[in-house]
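Note that the working numbering numbers the sequence shown so that position 160 is 161, with each residue one more than the last. Single-structure report; data block below.
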Amino acid sequence: MRKWIVILCALLPSLAMAAGGNVHLDEANNDLTDKASLQRGAKLFMNYCFGCHATQYQRYQRVAEDLNIPKDLMEDNLIVDKNADYGELMKNAMTQEAGAQYFGAPAPDLTLVARVRGVDWLYTYLRSFYVDPSRPFGVNNTVFPNVGMPHVLEELQGTPRKVYETRMVDGEPVEEFVGLKSDGNGELSASEYDNAVRDLVNFLEYSGEPVKLERQQLGWWVIGFFVVFLILAYFLKKEYWRDVH
Numbered sequence: 002m003r004k005w006i007v008i009l010c011a012l013l014p015s016l017a018m019a020a021g022g023n024v025h026l027d028e029a030n031n032d033l034t035d036k037a038s039l040q041r042g043a044k045l046f047m048n049y050c051f052g053c054h055a056t057q058y059q060r061y062q063r064v065a066e067d068l069n070i071p072k073d074l075m076e077d078n079l080i081v082d083k084n085a086d087y088g089e090l091m092k093n094a095m096t097q098e099a100g101a102q103y104f105g106a107p108a109p110d111l112t113l114v115a116r117v118r119g120v121d122w123l124y125t126y127l128r129s130f131y132v133d134p135s136r137p138f139g140v141n142n143t144v145f146p147n148v149g150m151p152h153v154l155e156e157l158q159g160t161p162r163k164v165y166e167t168r169m170v171d172g173e174p175v176e177e178f179v180g181l182k183s184d185g186n187g188e189l190s191a192s193e194y195d196n197a198v199r200d201l202v203n204f205l206e207y208s209g210e211p212v213k214l215e216r217q218q219l220g221w222w223v224i225g226f227f228v229v230f231l232i233l234a235y236f237l238k239k240e241y242w243r244d245v246h
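Structure (structure tokens):
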């Protein structure tokens with residue numbers, strides 16, 4: 002009994018993080034069959050995330066083959082460390098000590114982040130940064146308050162700020178938070194940025210379980226096998242019991 006209590010206690014934080022607490026989460030609507038989206042997501046990850054966050058349980062070669070990225074293109078554009086081998090794990094130069102010094106805590110590996118947090122949480126989180134001068138990097142996040150991470154995608158989104166509306170409550174004007182809005186100084190429009198984040202989250206979901214589509218496809222074959230076996234077993238049973246009745 003004690004063993005199961007320990008396991009449950011270990012799982013509860015992960016379940017809470019995946020659920021996103023009481024924060025409303027937008028649907029990511031990922032499509033793991035969209036290779037173009039996954040390729041764009043890989044490009045975004047390597048350009049904006051990989052400097053701090055590794056995916057050390059993935060290999061460059063596996064990513065290239067799964068996402069239909071030619072080897073020379075992968076080596077020239079997506080393998081940042083030119084001393085890294087094509088078949089190596091996707092590790093970066095950021096040590097835990099350096100991460101703790103720069104950000105207050107080590108930058109986590111992101112190989113399994115989509116499975117731990119959930120794709121909707123990631124999609125909402127990356128679209129929920131806003132200006133906060135009180136924070137070390139000048140930004141905060143509505144999904145992850147007081148996060149120690151800078152808004153690395155700001156050049157794409159622009160500078161996001163909180164938007165308030167004045168409403169009357171009991172005859173008194175009250176400023177109510179209604180959302181976030183970019184200043185419009187980014188490289189992408191609001192819809193383009195949402196699509197870019199979706200591509201990035203799509204890639205992170207793939208990284209968490211590269212064989213997900215194969216597993217699901219295999220599952221249908223297994224179900225089909227059991228259905229056929231059930232039919233054969235039913236008629237075999239009728240044949241054996243024919244003389245009994």
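From the three backbone atoms N, C-alpha and C, an ideal C-beta is built for every residue, glycine too. This one's a predicted model, so the numbers in the text were calculated from it and none came from an experiment.
Per DSSP, what kind of secondary structure is residue i in: helix, strand or coil?
i	result
residue 38	helix
residue 183	strand
residue 56	strand
residue 143	coil
residue 153	coil
residue 76	helix
residue 215	helix
residue 199	helix
residue 148	coil
residue 193	helix
residue 135	coil
residue 241	helix
Is it buried or exposed, residue i, if we count other Cβ atoms within 10 angstroms and call 16 or more buried?
i	result
residue 25	exposed
residue 125	buried
residue 97	exposed
residue 224	exposed
residue 99	exposed
Could you tell me which of the options sits nearest to residue i, measuring between CA atoms?
i	options	result
residue 95	223, 68, 57, 201	57
residue 131	103, 178, 39	178
residue 23	244, 122, 175, 108	122
residue 68	36, 142, 77	36
residue 205	30, 39, 28	39
residue 176	182, 167, 183, 184	167
residue 184	199, 200, 163, 172	163
residue 119	228, 207, 174	207
residue 30	199, 241, 240	199
residue 109	174, 171, 127, 51	51
residue 214	27, 32, 28	32
residue 182	226, 240, 153, 195	195
residue 90	27, 62, 47	62
Leaving out the 5 sequence neighbours to the left and right, which residues in its chain are closer than 6 angstroms to residue i when beta-carbon positions are compared?
i	result
residue 105	149
residue 107	97, 100, 101
residue 113	209
residue 53	95, 108
residue 129	142, 143, 144
I'd like to confirm the pairing. Which residues does DSSP put opposite residue i in its beta bridges?
i	result
residue 128	None; residue 128 has no bridge partner.
residue 163	181
residue 91	56
residue 168	175
Cutting at 7 angstroms between CB atoms, please list the residues of its own chain near residue i, excluding the five before and the five after it.
i	result
residue 197	45, 157, 189
residue 72	65, 87
residue 180	164
residue 116	209, 210
residue 138	151
Against chain B, does residue i count as a neighbour if the rule is that its beta carbon must be under 8 angstroms from one of theirs?
i	result
residue 212	No chain B is present in this structure, which holds just one protein chain.
Using a Cβ-Cβ cut-off of 8 angstroms (strictly less than) and excluding sequence neighbours within five positions of residue i, which residues of its own chain qualify?
i	result
residue 127	154, 198, 201, 202
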